[in-house]
Structure formats: C-alpha cells, structure tokens
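2 protein chains.
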Amino acid sequence: MKKGDYRYDYARPALTVDCVVFGADAGELRVLLIERGLAPFEGQWALPGGFVGIGEELEAAARRELQEETGVEKVFLEQFHTYGGLARDPRERIVTVAYYALVKLSDHRVQAATDARDAAWFSVAELPKLAFDHRQIVDDALLQLRVQLRRRPIGFELLPKKFALSELQGLYEAVLERTLDKRNFRKKVLAMDLLDETDEVQKDVNHRAARLYRFDERKYRRLRKAGFDFEL
Amino acid sequence: MKKGDYRYDYARPALTVDCVVFGADAGELRVLLIERGLAPFEGQWALPGGFVGIGEELEAAARRELQEETGVEKVFLEQFHTYGGLARDPRERIVTVAYYALVKLSDHRVQAATDARDAAWFSVAELPKLAFDHRQIVDDALLQLRVQLRRRPIGFELLPKKFALSELQGLYEAVLERTLDKRNFRKKVLAMDLLDETDEVQKDVNHRAARLYRFDERKYRRLRKAGFDFEL
DNA sequence: CCAAAAGTGTTCACGGTACACCCATGC
DNA sequence: GCATGGGTGTACCGTGAACACTTTTGG
Chain A
218 MKKGDYRYDY ARPALTVDCV VFGADAGELR VLLIERGLAP FEGQWALPGG FVGIGEELEA
278 AARRELQEET GVEKVFLEQF HTYGGLARDP RERIVTVAYY ALVKLSDHRV QAATDARDAA
338 WFSVAELPKL AFDHRQIVDD ALLQLRVQLR RRPIGFELLP KKFALSELQG LYEAVLERTL
398 DKRNFRKKVL AMDLLDETDE VQKDVNHRAA RLYRFDERKY RRLRKAGFDF EL
Chain B
218 MKKGDYRYDY ARPALTVDCV VFGADAGELR VLLIERGLAP FEGQWALPGG FVGIGEELEA
278 AARRELQEET GVEKVFLEQF HTYGGLARDP RERIVTVAYY ALVKLSDHRV QAATDARDAA
338 WFSVAELPKL AFDHRQIVDD ALLQLRVQLR RRPIGFELLP KKFALSELQG LYEAVLERTL
398 DKRNFRKKVL AMDLLDETDE VQKDVNHRAA RLYRFDERKY RRLRKAGFDF EL
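Protein chains in written order, with this note's numbering: chain A, 218 to 449; chain B, 218 to 449.
Quick look at the structure:
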C-alpha cells in the first residue's frame, strides 16, 4: 500500500477486515488471537485483521492479514457480519467486515508477525479481555458456527484429514455444548455416505485404536446437486 | 453531510448501504426499486441506498436512505452481506453493506424523492435489468429470506396486521416457490399458538369470508425464552 | 343453485431418541 | 486382568406428508 495524500469531498470511514479463526483440539474449540504490538490497546489480545487495500477484494484482505499476522493460509473463510458502531475504535470511525475461518489445528503451527507481538490459541470458554468490540464479534461468530455446523459439512475443516468418528463427535459436542448419543451419531453420519473408511487406525492411544475416516468432498458435491441437504 | 476537503494517508473505499425491500401482494413477492436520477446508470432501476455518513450507524444510514428515496419507514431491517468487488461501480471503489427489509405493502404508499426519479414495486419473477451488481444482491437477499422465513416469524412483517391463514400460506408458497397442503399448514401454524383469532372476517370477497388472525409478538417472546424454536 | 374458497381428521411412513452390552488394545 | 474407549441393534414415539369432503357466502 502506498502512503500518500488522498482527498475526498466527504469524510470516509476506514475499512478493515477481522477474522475469527476456529480450531479444534482434544474436543475443545479454540480461537486464534494476536497480542497487539501497537496502540490502541497495545499489549491486549485481539482478532487478526487489518485495513483493506484500495485495490483489494474483501476476502483477499482477510486472507492476507491472516497470513501476515499468524501464518495461517488456505483455510475455509466466510463473511458473516459487518460492524460499524461509532465507538468501535477510539481513534476514528472504522467499519470492519468480519469473517470466520475454520482450520485444522494440526496443520497450522501459528507464528506471530507484522504488527502482532504474539499469536496464540485460546479456548472459547476462557477468552482473555479483548480489544475493541472483538468480544462481541467472537460471540456472534460462535453463534454462526453453531448454526452452520449443523447444516453444512464444515466440521471437517476443523479436524485432521483423517479422523476418528469420536473426534468428530467430540467436535460437535464442544461446539453445540451438549452431549450426543454415540450410536445415533455414528448411524446418522455414516448413513449420509459422505465419509470414506480408510484402512488406518489411531496411533499412540492407550486403548483400542479407532478406525480413521476421510470426508469425501466429491461425494458431497454430487449428492448436493441431487437435492441432498446436509443436516446433523 | 458537510462537503469539504478530507485527507488521508491511504486511499479509502467509499462506503454505502443498499436495501432489498420485500413486500407481498396477492400471493406475489415484490421488491421495491428506484429509478436512478443520476449517473452512473441514470434511468436504470436499482436498489434504494446511498452513502454512510461519517457519524452515522450503518443501520441508521439504511433507514435514512430508505425513507429519503422511497418514503418507507419503520420496517423490519436486517443486514445480510457486504459486497466489495473491485468492479462494482465504474467510478471508484465502493463497498456496500446490504440489508433486506420486510414491509406490509398495504401500509406503504411509496413515493420517489431525492436522487430517485421514480420508485415502484416489481415482482421478483420479472425484475428489470438492474444497475451495478444489484441483481446479485437481490438474488442473495431472496435466498436469505427463504431460509429465514422458515426459522423465524418474519412472514408476518410482510402482511397486514390482520390476515387470513390463506394469505399467510400464499406468502409462504410465493417465497418458497412450492405449494403447501392447506390442512397441514393450518394445523402447524395454529399448533404453535402464536396467532390470536380476531372476531373479524375478510371483506369484499365474493365467496365465504375467512377469519382474520393477528400475530402475537408477546406470546412469541415468552415462548422463545422457554426454548421454543419457530419452524415452518 | 352455482362458483369459490373456508374449514376440518385420520392414516401412514420415517426419522429422532433412548438405551446396554461385548470387544480390542495397552499397560 | 483391568481400565479405557471402540463398536454395534432394537423398540418406541412424535412429526411430517398424503389425502377428500362438507360448509358458508356472494352473485
């Protein structure tokens, strides 16, 4: 982005993007936060995000900021709400377009960079105090995730490519905050015929190892064309 | 808004709001459009909307534009997506926050004003060519409406305060684009116990007049607190 | 008396839910 | 051999879907 002197007839809000990045770990839902290296709210935890370039698509800006500040790349990303409250930012009027992202925790060693002093995963159950209105944004994203998780096959974005059914169930339980019946869950998931059984099993567990499955994107697309609706 | 000379270190997109206003009439779903009085796309039909003031909330801007351009006030309004494509507007980069609104057609005599040359209702089945990417926005809003109509009691926003069950059914059929069974529909709706039977009936119909009902907002709120989920 | 829509019950199939026991593995 | 989670089947209930006839009113 080129620094210069840009003039307009009317005052304009600044435009940013922010990302609520979810990951799952041992049946716990986590959110990726950065520790701010700059004022305002220096030293506080916040969502990764930043300004939208004048020649940059909104989603591209979200991906760029995510990559720059946390190292996270190539993830499921979806816009869910735009926040424009007058007092969001103490400096000036800033409108932010919020996205939620889903990542396989195992794939992403996060690392802070640019204006982020640090980056780390926090359990959604114990978030620190967040900068700006980011707490509100996280809460809204979580609500959105809960709704979408049941209607679209996005849970798989949060797990390793190969996973045990109990891991999938644990994820649903963590996000929906309730326990599910094991038999019913397995029956329903397998009946949808969206998972391929691999010939691998879990490793490094001190009990019987579970069979691993893989989500079949192709099958899902084919079924959806035929009018099938994912529902869990 | 005060015209002046505003300077920034980095170029900023302009920020607007646009509204997809739905109304129902004789079992047909309609959208409110304005005919543009200014370039670009002068003379073409477009969504009501306009620039967000620097000290103005997003939703407030949407309501103001709606009122100014079409005379519509005090309606159900909900944000659903933000559009930031680089080529949306031929003049410069403009990001727009889109809302959908639901109005009782009977309550609103629309009238064009400010930079709208004309305002009129169009059946969603036969929209004219629209300016900018507004066709895409309408399509997305319609999709959103279809989803929300089944999960939240928003259909009542589109009908007169007192309505016949067949009118409600006609609305659902129009939006969802499929026929519904009369007996099952009435059973389901009445079973939710959200409607109050009035002692009025339809007038000016040349057949048996239907009883009129009213949506009971209070009851709905009470039920929702008790964990009830609207679903049709 | 005819047209047009209002109003009303029952049956059936399916999917959701509840529920308990044996099995494989690591220590 | 024991602890830990993996893996499996059946019975019941409630909800959604299909379906046709009588009633009221206006013209």
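Glycine included, each C-beta is placed from N, C-alpha and C at the ideal position.
Predicted, not measured: the structure shown is a model, and the values here were computed from it.
- Residues of the segment 375-407 of chain A with a C-beta less than 9 Å from any C-beta of chain B: none at all.
- Following the DSSP letters along the chain, one finds PHE402 (chain A) inside the alpha helix (DSSP H) bounded by residues 399-408.
- The count of Cβ pairs closer than 8 Å, one atom from the segment 236-247 of chain B and one from the segment 433-448 of chain A, stays below three, leaving the stretches out of contact.
- Using a CB distance cut-off of 8 Å, PRO230 (chain B) counts as an interface residue toward chain A.
- With 16 or more neighbouring CB atoms inside 10 Å of its own CB, PRO230 (chain A) falls in the buried class.
- Distance from the CA of TYR300 (chain A) to the CA of GLU282 (chain B), rounded to the nearest whole angstrom, comes to 19 Å.
- Annotation: Cβ neighbours of ILE271 (chain A) in chain B (cutoff 8 Å, chain order): TYR227, ALA228, ARG229, PRO230, ARG310.
- At a cut-off of 8 Å, the C-beta of ASP413 (chain B) has no neighbouring C-beta in chain A.
- Here LEU376 (chain B) is buried, its C-beta having at least 16 other C-beta atoms within 10 Å.
- Distance from the CA atom of ALA256 (chain A) to the CA atom of GLY266 (chain A), rounded to whole angstroms, is 14 Å.
- For GLU274 (chain B), the chain A residues whose Cβ falls inside 8 Å of its Cβ are GLY301, GLY302, LEU303, in order along the chain.
- Cβ neighbours of ILE311 (chain B) within its own chain (closer than 8 Å, five residues either side excluded): PRO230, ALA231, LEU232, THR233, ARG305.
- For ARG431 (chain A), the nearest beta carbon of chain B is not closer than 8 Å to its own beta carbon.
- When C-alpha distances from LEU319 (chain B) are compared across B:ALA342, B:ARG369, B:ARG334, B:ARG352, the shortest belongs to B:ARG369.
- Chain-order list of chain A residues neighbouring VAL320 (chain B): empty, with the shortest C-beta distance near 23 Å, by a criterion of under 9 Å.
- Note on geometry: alpha-carbon atoms of TYR430 (chain A) and TRP338 (chain B) lie some 52 Å from one another.
- Proximity of GLY266 (chain B) to chain A, defined by a Cβ-Cβ separation below 8 Å, is not satisfied.
- Here ARG253 (chain A) is buried: its Cβ has 16 or more other Cβ atoms, across all protein chains shown, within 10 Å.
- Per DSSP, reduced to three states, the secondary structure at HIS351 (chain B) is helical.
- Residue nearest to ARG403 (chain B) within the set B:VAL392, B:ARG395, B:ALA336, B:GLY387 is B:GLY387 (criterion: CA-CA distance).
- Contact annotation for HIS298 (chain A) against chain B: GLN296 [CB-CB distance below 8 Å, chain order].
- Under the DSSP assignment, LEU393 (chain A) falls in the alpha helix (DSSP H) whose first and last residues are 382-393.
- Between ASP350 (chain B) and chain A, the shortest Cβ-Cβ separation is not below 8 Å.
- In chain order, ARG224 make up the part of chain A whose C-beta sits under 7 Å from the C-beta of ASP222 (chain B).
- A Cβ of chain A is located within less than 8 Å of the beta carbon of VAL314 (chain B).
- Cβ contact annotation for VAL327 (chain B) (same chain, cutoff 6 Å, sequence separation greater than five): THR287, GLY288, ALA336, in chain order.
- In this structure, TYR317 (chain B) sits near LEU362 (chain B), with a CB-CB distance shorter than 8 Å.
- Spanning the alpha carbons of ALA228 (chain B) and GLU274 (chain A) requires a straight line of approximately 14 Å.
- MET218 (chain A) belongs to the set of residues whose beta carbon lies under 8 Å from a beta carbon in chain B.
- Taking C-alpha positions only, ALA277 (chain A) is separated from LYS321 (chain A) by approximately 20 Å.
- Pairing ARG352 (chain B) with TYR225 (chain A), the inter-Cα distance amounts to about 29 Å.
- Counting the other Cβ atoms within 10 Å of the Cβ of GLU384 (chain A) gives 16 or more, which makes it buried.
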